Amino acid sequence: DVPTGMKNPTSGNLNIMFNGIYAAQNKQSFLFNGEEVETSGNPTAHVILRGGVNEYGKNIPNYYYDNVLDTIDQYEKMGLQNPFIVVDTNHDN
Numbered sequence: 088d089v090p091t092g093m094k095n096p097t098s099g100n101l102n103i104m105f106n107g108i109y110a111a112q113n114k115q116s117f118l119f120n121g122e123e124v125e126t127s128g129n130p131t132a133h134v135i136l137r138g139g140v141n142e143y144g145k146n147i148p149n150y151y152y153d154n155v156l157d158t159i160d161q162y163e164k165m166g167l168q169n170p171f172i173v174v175d176t177n178h179d180n
């Protein structure tokens, strides 16, 4: 498996990112070239915190200690594997 990072959207909503990690870490079935195929899931899918933008267009970072603790808490609540966190320092984070 290749480690695959999921970024939060610029809204800052972490739930969307965690739903992507959940989907990536679990088996998926889909059609490919007319055949049904199944993936085994990727247990190395992980968080990339990229910051966000509030309703006024102001950049809001999400790399502070409390943000990281909230991210760890969400990993635990969802029972996800390999709770890795990468902080993307682009996007004014």
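When the count follows this note's numbering, it moves up by one through the sequence shown with no breaks and lands on 180 for the last residue. Cβ atoms here follow ideal geometry from the backbone N, Cα and C, with glycine treated the same way. Small disclaimer: the values here were computed from a predicted structure and weren't measured.
Segment limits, alpha helix (DSSP H) that includes residue i
i	result
T158	Y152 to M165
Nonlocal neighbours in the same chain, by C-beta distance under 7 Å from residue i, ignoring five residues either side
i	result
T33	Any answer about residue 33 is impossible in this case: the structure gives the chain only from 88 up to 180.
D179	G138 and N146
Residue closest to residue i, alpha-carbon to alpha-carbon, out of the options
i	options	result
T97	Y109, G121 and G144	G144
N177	I108, I135 and K114	I135
K114	S127, N154, G121 and F105	S127
Delimiting residues of the beta strand (DSSP E) encompassing residue i
i	result
Q115	Q115 to F119
V124	E122 to T126
K94	G92 to K94
V173	I172 to V174
H133	H133 to L136
Beta-carbon proximity list for residue i, same chain, < 8 Å, skipping 5 on both sides
i	result
G99	G138, G139, V140, N141, I147 and N149
Alpha-carbon to alpha-carbon, residue j and residue i
i	j	result
N169	E123	28 Å
G107	N95	9 Å
Q161	D175	19 Å
M93	F105	8 Å
E125	D153	38 Å
S116	N102	23 Å
L167	Y109	7 Å
Opposing strand residues paired with residue i [DSSP bridges]
i	result
L101	According to DSSP, which records beta bridges pairwise, L101 is partnered with nothing at all.
V140	N146
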